[in-house]
Amino acid sequence: MASSKEKLATPPVISYGSFIAFLNKLRDAGTVPARIDKTVMPKASGSQQSGIIAALRFLGFIDDTGKPKDHFKPFVLSADDARKSTLGPILRESYAFLFSDSEFDLSHASTGQMTEKFRELGISGSTLTKTIAFFIPAAKECGIEVSPHVKAPAAPKSNGSRKSPKTTEDEQRPSETGGRVPQEEDDQDVERFEIPLPGKQQGAKIIVPKGLDADDWVMLQTMLAAYIKRWKGFTPEGKE
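Quick note on UniProt numbering: the sequence shown kicks off at 1 and runs consecutively.
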């Protein structure tokens, strides 16, 4: 275990569901690449790519260069139940700070106690929330007993109670970047667009995941038209 003076690696900050989805894609492909890098997940956002690689490194599945360890390929290609029995010991080793402290009992801990343990790693803010949110479902799926009182703490609110600035008329018009709303560009995982509607004070706001390809857009267009028809009963003229 690292000494108190040694900086510890930050535990995974991506969602556990995203992590498992990545493993399943590798399993569906039937093989594991010789190096895990961002090109292995071309449709994922930059933050998701970095998060998955960091998670694999923290859990000891790959080395600092992205080369898979010997046990990674069998783990990926295993059935779900077999993965659970393998992941349990890995979590206990990677999160040793939760299991090696005789004064901390994960099965009876409170959210406050859990938060303190992660804060000892120098983690705070939204990163603290995300790291705990990854560990809890991962541990439970492997049969590790987690106290029912432990929850991921709420993410801190940014800018306090400051109100968002009123959208100007220029911001409601499609910009040169395709109508993207300027004040919401800080979210790295999604694309946001606002489509002006004649006679309406506000446009239609559209939020989609980053990395959609041509087929994804066609499917989205089809599904959106079908949803509007079913929900509102609207049908384009001449399509009755």
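Backbone N, C-alpha and C define an ideal beta-carbon position, used for all residues, glycine too. Here the structure is a predicted model, which is why all the values come from computation and not from measurement.
Given this structure, state the Cα-to-Cα distance separating residue i from residue j, to the nearest angstrom.
i           : j           : result
residue 131 : residue 85  : 22 angstroms
residue 58  : residue 193 : 36 angstroms
residue 142 : residue 207 : 34 angstroms
residue 218 : residue 13  : 32 angstroms
residue 19  : residue 56  : 9 angstroms
residue 62  : residue 54  : 9 angstroms
residue 125 : residue 155 : 7 angstroms
residue 118 : residue 209 : 30 angstroms
residue 64  : residue 74  : 20 angstroms
residue 183 : residue 78  : With a pLDDT of 42 at residue 183, under the threshold of 50, the modelled position of this residue cannot be trusted, and the question is left open.
residue 34  : residue 225 : 43 angstroms
residue 222 : residue 216 : 10 angstroms
residue 50  : residue 38  : 7 angstroms
residue 191 : residue 44  : 13 angstroms
residue 241 : residue 89  : Past the boundaries of the shown model lies residue 241; the chain is included only from 1 to 240, so the question cannot be answered.
residue 129 : residue 157 : 12 angstroms
residue 198 : residue 204 : 11 angstroms
residue 30  : residue 102 : 42 angstroms
residue 32  : residue 127 : 29 angstroms
residue 325 : residue 91  : Residue 325 falls outside the range modelled here, since the chain spans only 1 to 240, and no answer is possible.
residue 120 : residue 98  : 11 angstroms
residue 113 : residue 47  : 29 angstroms
residue 27  : residue 76  : 6 angstroms
residue 82  : residue 135 : 19 angstroms
residue 36  : residue 66  : 5 angstroms
residue 213 : residue 60  : 33 angstroms
residue 137 : residue 145 : 11 angstroms
For residue i, count neighbouring C-beta atoms within 10 Å of its own C-beta (all shown protein chains included) and say buried if the count is 16 or more, exposed if not.
i           : result
residue 11  : buried
residue 94  : buried
residue 123 : buried
residue 139 : buried
residue 133 : buried
residue 195 : exposed
residue 228 : exposed
residue 115 : buried
residue 87  : buried
residue 220 : exposed
Quickly, what does DSSP pair residue i with across the bridge? List them, please.
i           : result
residue 204 : 195
Could you confirm whether any beta carbon from chain C is found closer than 9 angstroms to the beta carbon of residue i?
i          : result
residue 64 : Looking for chain C here will not work: only one protein chain is present.
Assess, as a yes-or-no matter, whether the stretch 60 to 75 is touched by the stretch 103 to 110 under the definition of 3 or more beta carbon pairs within less than 8 angstroms.
-> At 8 angstroms Cβ cutoff, the stretches do not touch.
Where are the alpha helix (DSSP H) runs, 4 residues long or more, that stay fully inside the stretch 59 to 113, in chain order?
-> The alpha helix (DSSP H) runs lying completely inside the stretch 59 to 113 and spanning 4 residues or more are 72 to 77, 80 to 94 and 96 to 99, given in chain order.
Three-pair Cβ contact test at 8 angstroms for the stretch 22 to 31 versus the stretch 147 to 157 = The stretch 22 to 31 is not in contact with the stretch 147 to 157.
What are the complete alpha helix (DSSP H) segments, minimum 4 residues, inside the stretch 25 to 61?
-> Counting whole runs of 4 or more residues, the stretch 25 to 61 contains the alpha helix (DSSP H) stretches 46 to 58.
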